[in-house]
Each structure stands twice: as C-alpha cells, then as structure tokens.
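Each residue of the sequence shown is one higher than the one before, starting from 1 at the first, in our numbering.
C-beta atoms are modelled at their ideal positions from N, C-alpha and C, and glycine is treated no differently.
Nothing here was measured: the structure is a model prediction, and the numbers come from that model.
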Amino acid sequence: MIELLQPAPPVAAHYRPARVRALFDGLAGTYGAAEWLSGGQLGRWRRSLVAALRWPAAGPVQVVDLMAGGAELWEPLHQHLGPRLALTAVDFSAPMLARAARQHAPGLTLLQADALATGLPTGAAAAVTCAFGLKTLAPAAYPALAAEAARLLRPGGQLALLEFDLPTQPWLRAAMLTYLRLLPATLRYLCPEAAAHAALARYAGAGTRWPVLQAFLAAAGLRLVRQRRLWPGCARLAVWEKAA
Ligand SMILES: C[S@@+](CC[C@H](N)C(=O)[O-])C[C@H]1O[C@@H](n2cnc3c(N)ncnc32)[C@H](O)[C@@H]1O
1 MIELLQPAPP VAAHYRPARV RALFDGLAGT YGAAEWLSGG QLGRWRRSLV AALRWPAAGP
61 VQVVDLMAGG AELWEPLHQH LGPRLALTAV DFSAPMLARA ARQHAPGLTL LQADALATGL
121 PTGAAAAVTC AFGLKTLAPA AYPALAAEAA RLLRPGGQLA LLEFDLPTQP WLRAAMLTYL
181 RLLPATLRYL CPEAAAHAAL ARYAGAGTRW PVLQAFLAAA GLRLVRQRRL WPGCARLAVW
241 EKAA
C-alpha cells in the first residue's frame, strides 16, 4: 500500500490537461461515433453503472458527474430517477459541454471546471460518477480525484467509476489490442471526420492503473463495495462508498 502511494513520476505529455482538453474540444462534434465504435456497448455499460448504485428511496437526488463530456450519463440516470434527478455535469471542455446543452435535459446543470477541483459544495452529492474519464487522467492526478470525489459525497454516498479495461483472458486481450491497433487506419479510411477517435483508442490501450487509484480512494476514506468486469470483459465498473 505504502509503495502504491509513492509520488508519481512527472506527467507524460499526452496526459497534460491542456492536451487532453484540446483533444476533446476537437472530438466534440463527432463524439457520438464512440457509441458505434464500441459496437453499442458504451450505452449498455452506462446503464450498468446506474443500476449498480444504491439510490435514496425518496426526495431529490443530487449527482455530480465528473468528466461528463456531453452528459451521456444523464439519459440512463433520468430513466432511473425521473424528475428526482439533479445532475451537475462537470467537464473542462466547452465544446463537450455545448454538446450536453443540446440535450435540453431537465434536471441537468453544466459546469465548466477541472474535475479535480470543482468548487461544488462539500458533502452534498448522493452519488459521484465518472464514466470513461479515467483513461486520459495521469496517475499523478489520482490523489486529487480521490480527494475531490470523497469531498463531494455526503456520508453514505457512493462513487461509481467506469472505464475500459484490457481483458484478462489472453484471446480476448489479443483481440482487443488488435482492434485498437487497426482502428486508426480503419477510421481514416471509412470515416475520416471521426479519425481523431483513434487517439482515445491509444489511451484505452495504455489503461487505468486501478490498484494505484484504489489505494488513493481508500486513503481518501472510501470503501470499495463492489467491482466487476462488464461483458464482454473489456470494461470495469467499481462502486465506492463514503462512511455513513
Ligand atoms: C471520454 S469522455 C467521457 C464523456 C462521458 N462521461 C461519457 O460517458 O462518454 C472524457 C471527458 O472527460 C473530460 N475531462 C478529462 N479530464 C478532465 C478534467 N481534469 N477535468 C474536467 N474534465 C475532464 C474531457 O473533456 C471529456 O469530455
């Protein structure tokens, strides 16, 4: 544990916030393509995230979605919670938030801010969510993410993290790595306007350092309540809880 909490090395260029923000500013117009590039899995995985959380039985439900992009989580959350949902979607990319604004979604508030320091109230959120935002986050930023999520949650509140994860089964892992390797050239050929999505495939291939992140979440006072791979084995969903 102590070894995992050692200071991280300097941030690699491709993780620098300005570079990540510029990437998503450029991807915002075609971000919908991510759904078909995943073979329709992204939407299913987001619904799994919503189903995995424990929700208050009555009253308004405040949710903070970190690295929310175009607020893709709003729809499954709203399907589950209806008008009780009060969702704050936090993202540092204005074009991604403009995408969210086009949903005209009831109960949705947009906040352009760094997900690691949102400025939102302490201890108010029943749930904090983050779907597919981890892959572009430097491991050096994990302590700040853990601290911010723990700060935002009210006692008993839950944090759900969802991200691509390379499969452990050798044949599936090889198949996914091959898919990620072939994606850039295939996209350039079939759909040049979505070719920038290949960059996301490279981040996904590098993966999230889950044990390191988990150590920082535990150090921030969160307890892992469940964790599982989602079918077909290339995404991980983890739910953490703040002590009541
Ligand atoms: C792959 S998209 C995920 C969007 C959405 N959550 C989804 O389910 O598809 C990642 C988003 O995280 C945002 N992001 C990355 N790092 C961030 C940070 N430190 N603060 C705020 N937003 C960040 C990017 O601008 C981008 O919109």
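DSSP state of residue i mapped onto helix, strand, coil
i: P155; result: strand
i: E241; result: strand
i: F132; result: coil
i: L53; result: coil
i: R236; result: strand
i: L166; result: coil
i: V61; result: strand
i: A12; result: coil
Separation of residue j from residue i, as counted between CA atoms
i: D25; j: G59; result: 36 Å
i: L248; j: A138; result: Since the first and last residues shown for the chain are 1 and 244, residue 248 lies out of range.
i: A28; j: A71; result: 12 Å
i: L180; j: T109; result: 34 Å
i: Q158; j: C191; result: 39 Å
i: A89; j: R228; result: 25 Å
i: G156; j: L213; result: 20 Å
i: V258; j: W171; result: Outside the shown range of the chain (1 to 244) lies residue 258, about which nothing can therefore be said.
i: G107; j: Q62; result: 10 Å
i: R21; j: R188; result: 22 Å
i: A57; j: L237; result: 23 Å
i: A12; j: Q169; result: 29 Å
i: R47; j: M176; result: 22 Å
i: R19; j: G119; result: 22 Å
i: V225; j: M67; result: 22 Å
i: A146; j: A235; result: 20 Å
i: S93; j: R209; result: 24 Å
i: P143; j: A201; result: 25 Å
Any C-beta of chain C under 9 Å from that of residue i
i: Q103; result: Of the protein chains in the structure, only one exists, and it is not chain C.
At least 3 beta-carbon pairs within less than 8 Å: the segment 74-83 vs the segment 48-62: yes
Within the segment 64-144, ranges of the beta strand (DSSP E) (whole runs, at least 3 residues): 85-91, 108-112, 125-131
At least three beta-carbon pairs within less than 8 Å, the segment 107-126 to the segment 196-216: The way I'd put it, the segment 107-126 doesn't touch the segment 196-216; fewer than three beta-carbon pairs between them come closer than 8 Å.
contact_flag[the segment 173-185, the segment 108-123] where n(CB pairs < 8 Å) is 3 or more: no
Segment contact flag, the segment 208-226 with the segment 140-159, C-beta cutoff 8 Å, min 3 pairs: yes
Secondary structure, alpha helix (DSSP H): runs of 4+ residues fully inside the segment 170-228: 170-190, 198-206, 210-219
contact_flag[the segment 129-143, the segment 161-174] where n(CB pairs < 8 Å) is 3 or more: yes
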